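These notes concern the structure reproduced below.
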Amino acid sequence: GDSVTQMEGPVTLSEEAFLTINCTYTATGYPSLFWYVQYPGEGLQLLLKATKADDKGSNKGFEATYRKETTSFHLEKGSVQVSDSAVYFCALSPSMEYGNKLVFGAGTILRVKS
Amino acid sequence: DAGVIQSPRHEVTEMGQEVTLRCKPISGHNSLFWYRQTMMRGLELLIYFNNNVPIDDSGMPEDRFSAKMPNASFSTLKIQPSEPRDSAVYFCASSTSPSSYNEQFFGPGTRLTVL
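Residue numbers (my numbering), protein chains in the order written: chain A, 6 to 119; chain B, 76 to 190.
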């Protein structure tokens with residue numbers, strides 16, 4: 006079945022460091038790919054998305070490129086801030102099924118120190 | 076826009092009791108999703124509706140769980156009887172249509188503790 010694998014956390018970085026969170030997926034067809042972020046005590050919010058191969062999603066300095074050849078959608082940010090501390094979820098929405106249910110990775114905790 | 080509204084935000088109950096979680100999706104959204112989040116299993120889709128009709132309930136753990144969507148602006152998730160292993164954060168989400176491209180908007184969640 007469809008699945009998403011994320012790098013395990015927590016990831017701890019100093020402010021202004023470069024961030025990469027790896028995400029790979031298994032799916033049939035051409036899924037849409039998403040990164041969601043969850044701040045403490047809140048629900049998930051969409052951070053960025055890409056709906057076809059080679060698309061780059063970007064938002065708030067974060068970006069990720071849909072790589073079909075490596076089935077990956079790695080999240081990157083050039084300079085993290087303390088306010089980026091949160092849990093980041095990679096997710097896919099299968100293209101072969103009716104509806105847009107999401108399959109989530111396990112989540113990666115990011116801690117940014119000042 | 077008020078966003079997805081869930082109630083209660085916190086629920087503490089004793090094993091064997093009935094628990095009802097409520098969700099009001101964003102007005103105009105046609106798809107509604109219920110998720111459960113635990114440390115052990117992460118985020119799991121329990122059930123989702125499109126135009127008030129359940130489309131996929133394969134994630135519902137067992138017969139103790141049931142979900143309804145009587146109209147476009149309200150859904151419930153019921154657990155009867157509740158067990159300690161049901162303790163989790165339950166999220167409701169909605170989206171504009173069943174397209175795989177569409178963003179889901181999440182509510183703040185209900186933290187359920189079953190003693």
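By construction, the Cβ of each residue, glycine as well, lies at the ideal position given by its N, Cα and C atoms.
Note that this is a predicted model, so its numbers are computed, not measured.
Asked: Run the CB neighbour count on Arg111/B, radius 10 Å, all protein chains shown included, and call it buried at 16 or more, exposed below.; Found: buried
Asked: One question on the structure: do Ala91/A and Leu115/A come within less than 8 Å of each other, judged by their Cβ atoms?; Found: yes
Asked: Can you list the residues of chain B that Lys54/A reaches, using a CB-CB cut of under 8 Å?; Found: Tyr176 and Glu178
Asked: Is it buried or exposed for Gln81/B, if we count other Cβ within 10 angstroms and need 16 for buried?; Found: buried
Asked: Are there three or more Cβ pairs, one per stretch, closer than 8 Å when the segment 15-31 of chain A is compared with the segment 52-60 of chain A?; Found: no
Asked: So if DSSP puts Ile114/A in a beta bridge, which residue, or which two residues, is it bridged to?; Found: Val92/A
Asked: Please check if any C-beta of chain D sits within less than 8 Å of the C-beta of Leu120/B.; Found: Absence of chain D from the displayed structure is noted, the protein chains being A and B.
Asked: Any C-beta of chain A sitting closer than 8 Å to the C-beta of Phe166/B?; Found: yes
Asked: Do the CB positions of Phe181/B and Val79/B come within less than 8 Å of each other?; Found: yes
Asked: Just to confirm, is the Cβ distance from Phe94/A to Lys82/A under 8 Å?; Found: no
Asked: List the residues of chain B whose Cβ lies closer than 7 Å to the Cβ of Ala111/A, in chain order.; Found: Gly117
Asked: Would you kindly work out how many angstroms separate the C-alpha atoms of Arg162/B and Arg84/B, rounded to a whole number?; Found: Just to set this straight, residue 162/B is Ser in the shown sequence, not Arg. Each residue's Cα considered, the two are about 13 Å apart.
Asked: Given Arg186/B, which residues of its chain have a CB within under 6 Å of its CB, disregarding the five upstream and five downstream residues?; Found: His85 and Val164
Asked: For Met135/B, which residues from the same chain have a beta carbon less than 8 Å from its beta carbon, with the 5 sequence-adjacent residues on both sides left out?; Found: Leu121, Ile122, Ser141 and Ala142
Asked: Which runs of the beta strand (DSSP E) at least 3 residues long sit entirely within the segment 90-116 of chain B? Give them in chain order.; Found: 94-99 and 106-113
Asked: Examine chain B for any beta-carbon lying closer than 8 Å to the beta-carbon of Ser37/A, and answer yes or no.; Found: yes
Asked: Short of 8 Å in beta carbon distance, which residues of its chain neighbour Lys118/A, apart from the five on each side in sequence? Order them along the chain.; Found: Thr17, Leu18, Ser19, Glu20 and Val87
Asked: Interface residues of chain B around Glu47/A at Cβ under 9 Å?; Found: Phe181, Pro183 and Gly184
Asked: Excluding the 5 residues preceding and the 5 following Asn127/B in the sequence, name in chain order all residues of the same chain whose CB lies nearer than 8 Å to its CB.; Found: Met144, Pro145, Asn146 and Ala147
Asked: Nearest-angstrom Cα distance between Leu38/A and Gly91/B?; Found: 40 Å
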